[in-house]
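109 is the number that this note's numbering gives to position 54 of the sequence shown; each next residue is one higher, with no gaps.
The beta carbon of each residue, even a glycine, is placed where N, CA and C say it ideally should be.
Data first, discussion second: the structure below is written as structure tokens.
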Amino acid sequence: MSATSDSLLPLLKQSFGYDAFRPLQREIMVASLAGRDVVAILPTGAGKSLCFQLPALAREGVTLVVSPLIALMKDQVDALTASGVAATFLNSSIQGSEAQRRRSGLENGHYKLLYAAPERVMMQGFVEDLQRWNVTAIAVDEVHCISEWGHDFRPEYRQLAQLRAKLPGVPFLALTATATEQVRGDIIRQLELPEPEVFLASFNRPNLSYSIVPKSKSTRQVYEFIRERPNDAGIVYVQSRKSAESLAAALLAEGVKAVAYHAGLQPEERAANQEAFIRDEARVVCATIAFGMGINKPDVRFVIHADLPKNIEGYYQETGRAGRDGLPADCVLLYSRGDLVRNLKFLDEMTDAKAAEIAARQMRLMADFAEGSECRRVSLLDYFGEQWPGDNCGGCDICLQPREQWDATTQAQKLLSCVFRIKQKSNFSTGLNHVVEVLAGANTEKIRKWYHDQLSTYGIGKDTPREEWTALGRQLIRLGYIDTSPDNFQTLTLSKQGLAALMNRTPIVLTRSPVVASTSTAKVSRAGSIACDEGLFAELRALRKRLADEKAVPPYVIFGDTSLRHMCRAYPQTDRAFLDIPGVGSQKLADYGQLFMAEIKAWLAGHERQIFAAEAPLPPAPKMKSESGANSTALETLRLYRQGLSPEKIAAQRNLVVSTIHNHLAQAIANGALQADPRDYFSAEDDNSCAKPPPSTAWKAWGSSKKPSTTASTTPRCITSGRLRSAGLITYARQTLCSLNIMFAMMQRGG
Ligand SMILES: [Zn+2]
């Protein structure tokens, strides 16, 4: 069978119901089908599994998928089976005649995909079975488990390299959603991949919003957040087993269907609680970090960290479990400095000094992230070596509520000077708390004992609340004016930079701490959101749940929320229209088309059909620091445009709306990557109809999903057509010499 990308696209539609690949998917598949070893690092929600599932259908023989968890295998095989793909798994839960049935299916070449855990793969005699079963590719999922530098280290992953000698010429495809450079190197070394093609996607998750909220009465904060979202499912991560249970109990008492999950539960209870969450029977799971790997639930709408995570990688991975379906989701971290202190204390029990030091460093980085005043997305991506191109991500607390900058020179001088004087007088350093006490003129035992009330800086900060001094001190530490000792006492000394600033009275500009203490996020148009008929959506969800229960599978195996939302925009009434819905392939059409179309028809009999504007374009993808950055979505558009494809063609090929393509091209013009007159991609007639700038009321209407009613008569033609929206903006920009960036920012925000 030929294995080109041409043959992949029809297979993609037929089996999985999609018209286009997501970034890097096609490139990964083509390389793998060409027999290359491939390492693919794709963030959660980027369609990682498809990278081995689809090529498995295109090639002869069976693809072995090494997967770490039994639950993960079962979910994936259930989902594949629902799409009509011949897949199976072998593990200890499959015994007797069922195991025999599966093995004979493999002997007879009935399956395209076989899932197994690494322990099983390395069992006596299994490799010989694999040789007989015509294994033609090996996909190693969650491959970061191979590295002790990552979390979730699984020593048995290391033995997989032995397969290379036993199955020579069979290409490896190693996949993970998380890997720092160190882990990436380890993967290649441990699997003994001589010259793999490495694909590294952006770690940005545009549909996730990040916010960090000062923690106070966390149970109440969590409950209030959840109460505002009565239909949403989510995960609340806490530090201890005890907190997981007490939080779940508190939420239950408030009427929220919540379950606990941690490693101390009996296996049956743990499995039952996880199952309840996946099947939409429990809305919230209160969990320790034991929960998550292998959880395929795509419609997790929020992840709350009620306690401070121990490192940024873990935080990224845990928040990454939200919004795998690409729809908007919230990630909220409740932060208190006390959590850091508590985490650091635990390290005292560690016997391995080196490991304790690494852990302490990671904990401080995590606290710096939480205390930082920089865009959360910028900070997170920076951790993974990526640069965010814009200055406002529009999806984090910092960008949505920009903080005030202020001239902190005088205050900073007082604090720096106090640190300096303490050291000078006592010849030892103290922690920040003590410095703040001295500034505030407190009468503590330590101040009396060390005669710090005799310092010239004693009491010079009386008029400022202590929390402000603490926040100021933290910022000065973060900005490098003050060094802290690496031990848990974190005593302060002035850095070179701090000493110079003190001596020269260098101006210091700082950011004010936020005053907001609420967890509620502003209602703004969110990246990834799909406006739809919410009433019908509720009906279709209920139908989906009934069907899922009948088949004993999780609801998302029937259809994901994205597919349902598209149904609730397009109201499909024919097989053809139903097949156009993303996520609908021929098997799903055959199994569920009639049922869902009947439900839609019944709905339309009693409700008016709603009309929706084109989907909001996603913000620009970040640039990578490494050269593999040439995969951002705007660059892909530019590449295709340079090949001579029209914006419409590009939109169709990439499964994006045309206005998004216009947006990409306009960005390219704005930053000089493309020399083109906007007239090149829209006609003179279009131009004329948009010659007048739209009235200000019309600008607002663009951002809302509702059809403008009162302004309809004054709305110029350009905004009634999705295609002409961006064209009109470009014209307007040209006339007013406004920067295209500003215009598109206006378009994205709708005002
Ligand atoms: Zn931001």
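Rounded to whole angstroms, the Cβ separation of I515 and D508 is 12 Å, and the two are not in contact under 8 Å.
Inclusion of G440 and V358 in the CB contact set at 8 Å is not warranted, their separation being larger than that value.
Residue environment: I666 is assigned as exposed (fewer than 16 neighbouring CB atoms within 10 Å of its CB, all protein chains considered). The alpha helix (DSSP H) runs lying completely inside the stretch 92-171 and spanning 4 residues or more are 105-113, 125-137, 151-162, given in chain order. For the options S273, K129, E250, K551, the alpha carbon positioned closest to that of S391 is the one of S273. When DSSP reads this structure, H360 sits in a beta bridge with Y292, L388.
Annotation for S434: the continuous alpha helix (DSSP H) segment containing it runs 431-438.
W461 sits exposed, since fewer than 16 C-beta atoms from the chains shown fall within 10 Å of its C-beta. With a cutoff of 8 Å on beta-carbon distance, I242 and I281 are scored as not near each other. With three or more CB-CB distances shorter than 8 Å, the stretch 463-472 counts as touching the stretch 556-563. Around the Cβ of P123, a 10 Å sphere holds 16 or more other Cβ atoms; the residue is buried.
Distance check between G139 and each of Q108, G347, N146 places Q108 closest, using alpha-carbon atoms only.
Here L382 has N262, D354, R356, G583, S584, I585, D616, T617, R620 as same chain residues with Cβ atoms under 8 Å from its own Cβ, once five neighbours each way along the sequence are excluded. Contact annotation, R529 with N259: C-beta distance approximately 27 Å; criterion of less than 8 Å not satisfied. In the displayed model, F651 falls within a helix according to three-state DSSP.
Inter-residue distance for K606 and M622 is about 22 Å (C-alpha atoms, whole angstroms). Listed in chain order, the non-local C-beta contacts of L598 below 6 Å within the same chain comprise E654, local neighbours out to five positions each way being set aside. If you check the CB distance, T525 and D538 do not come in under 8 Å. In the structure shown, A318 falls within a coil segment according to DSSP collapsed to helix, strand and coil. Here E236 carries a helix assignment [DSSP, helix/strand/coil]. Secondary structure note for A194: its beta strand (DSSP E) is the uninterrupted segment 190-195. Between L161 and V117, the CB-CB gap stays under 8 Å. Bridge partners of P269 according to DSSP: Y390. Looking only at E324, L531, T566, A134, the smallest Cα-Cα distance to K551 is reached by L531. The Cβ-Cβ distance between V121 and A171 falls below 8 Å.
Going by DSSP, A229 is part of the beta strand (DSSP E) stretching over 227-231. Distances from the alpha-carbon of K312 to those of P65, A331, T406 put A331 closest. For Q186, the enclosing alpha helix (DSSP H) covers residues 181-187. Set against 7 Å, the gap from the CB of R431 to the closest heavy atom of ligand 1 is smaller.
Check the Cα spacing between F592 and each of H662, L557, P609, S511: the tightest is with H662. Only residues of its own chain outside the window of five on either side were considered, and among them R529 have a CB closer than 6 Å to the CB of E426, listed in chain order. Contact between the stretch 217-227 and the stretch 178-197 is present: 3 or more CB-CB pairs across the two stretches fall below 8 Å. Bounds of the alpha helix (DSSP H) holding I705 are 702-709.
Between the stretch 636-652 and the stretch 403-413, the count of C-beta pairs closer than 8 Å stays below three; the two stretches do not touch. Within its own chain, the residues whose Cβ lies closer than 6 Å to the Cβ of Q294, once the five positions on either side in sequence are excluded, are D362, listed in chain order. Not a single heavy atom of ligand 1 lies less than 7 Å from the C-beta of I344.
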